[in-house]
Amino acid sequence: MMDMDALHIAGLEIASRLFVGTGKYATFELMRDCLAESGCQVVTVAVRRERLMDKSGRNILDFLDPQRYVLLPNTAGCFNAADAIRTARLGRELLEGLGNRGASWVKLEVLGDPKTLLPDPVGTLEALKVLTGEGLAVLCYTSDDPVMAMRIKEAGAASVMPAGSPIGSGQGVLNPWNLRIILQELKAGDADYPVIVDAGVGTASDVTIAMELGADGVLLNTGIAGAKDPLAMARAMRLAVEAGYLARRAGRIPRKLYATASSPLEGVIGAEDR
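Mapping the sequence shown onto our numbering, position 187 (from 1) lands on 203, and the numbers just tick up by one.
Right, dumping it as structure tokens:
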């Protein structure tokens, strides 16, 4: 892996800027291998009790090394603030028992609709204020609405996580202009404030676009778990984060209406020289 600058969130130093989820894999073994191939350090886990076990009764936590990964409990599947708060507390209790560094973190999702899985802004802010008041570092999922993103930061979120597109849709970054506004506004006067694009990533180019826009990282799940070859896609996503990170810092050339020759025209041999 290339030498990327570390990402700092809520007092923790994160080496990899790719965050990966644990859902939708065919087996826990495949999940484990894909996480390793992705190079990620932060792994999100849905902590509702029924999602911690597979059909054979095996616990997902037996396939996640708590010393290797920062486990980020998330409130996936919660459709009101009360359920999200209760789930976040359960996640903290679970990870404290494991001694994991993610015990003081939560990825907050309060969804407004089961069909679109778009966030409920009112419920999100309600739960966010309660959880930050309890000392949790909240990484908060939201839409690509710049105003809502600013409200979430103002309410004390450790990181704002705007969606590239709806959860699991694979549509990539649908509105790069809104993401650019979010990045500019949230980082104004606080360049190190972490903004992580979350949801909708379908392939490696989506990750690169998000990073080239200036995102500090990308969180994804279905893009790897649902691929025809999840292991190959996990590696592609790792390389895409690196490519986008480098390209953002290298600085792309400006877009121009007309062509510009890559070789100088001066001194070109003409007919008169023959």
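No residue lacks a Cβ here, since even glycine has one placed at the ideal position from N, Cα and C.
Straight through space, the alpha carbons of Asp214 and Pro162 are spaced by roughly 15 Å.
Across the set Ser72, Gly93, Ile101 and Lys123, the C-alpha of Lys123 shows the shortest separation from the C-alpha of Leu87. Between the C-alpha atoms of Gln83 and Leu114 there is a straight-line separation of about 9 Å. DSSP places Ile212 inside the beta strand (DSSP E), whose first and last residues are Ile212 to Asp214. Taken through DSSP and simplified to helix, strand or coil, Ala98 comes out as helix.
The distance from the Cβ of Val189 to that of Met227 is about 10 Å, inconsistent with a contact at the 8 Å cut-off.
Exposed is the label assigned to Leu273, since fewer than 16 other Cβ atoms lie within 10 Å of its Cβ.
For the pair Leu155 and Ala174, the CB atoms are nearer than the 9 Å cut-off. Annotated three-state conformation of Ser221 is helix, per DSSP. Taking C-alpha positions only, Thr158 is separated from Ala165 by approximately 7 Å. According to DSSP, Cys156 shares a beta bridge with Leu124 and Val176. When Cβ pairs closer than 8 Å are counted between the two stretches, the segment 251-268 is seen not to touch the segment 74-82, the count staying below three.
Inclusion of Pro182 and Thr224 in the CB contact set at 9 Å is not warranted, their separation being larger than that value. The continuous alpha helix (DSSP H) containing Phe44 extends over residues Phe44 to Ser54. A Cβ-Cβ distance of about 33 Å is found for the pair Ile25 and Pro270, leaving them out of contact under the 8 Å criterion. Assigned with DSSP and collapsed to three states, Val61 falls in strand. Under the DSSP assignment, Ile76 falls outside any alpha helix (DSSP H); it carries neither an H nor an E label. In this structure, the CA atom of Gly230 is about 25 Å from the CA atom of Gly118. Taking 9 Å as the cut-off, the Cβ atoms of Glu150 and Arg105 count as close. Residue nearest to Gly93 within the set Thr60, Leu127 and Pro246 is Leu127 (criterion: CA-CA distance). For Gly37, the CB contacts under 6 Å within the same chain, skipping 5 residues up- and downstream, are Thr60 and Asn237 in chain order. Here the alpha carbons of Arg108 and Val234 stand approximately 23 Å from one another.
Here Val217 is actually not in contact with Gly172; their C-beta atoms are around 27 Å apart, not less than 8 Å. Taking C-alpha positions only, Asn116 is separated from Asp129 by approximately 32 Å. Excluding five sequence positions before and after Asp232, the CB atoms of its chain that fall closer than 7 Å to its own CB belong to Leu23, Arg33, Pro210, Val211 and Ile212, given in chain order. Around the CB of Glu112, fewer than 16 other CB atoms lie within 10 Å, so the residue is classed as exposed.
In this structure Val58 is in contact with Ile30, their Cβ atoms being roughly 6 Å apart against a cut-off of 8 Å. Taking the Cα of Thr140 as reference, the smallest distance to any Cα among Leu110, Met177 and Ser221 is reached at Met177.
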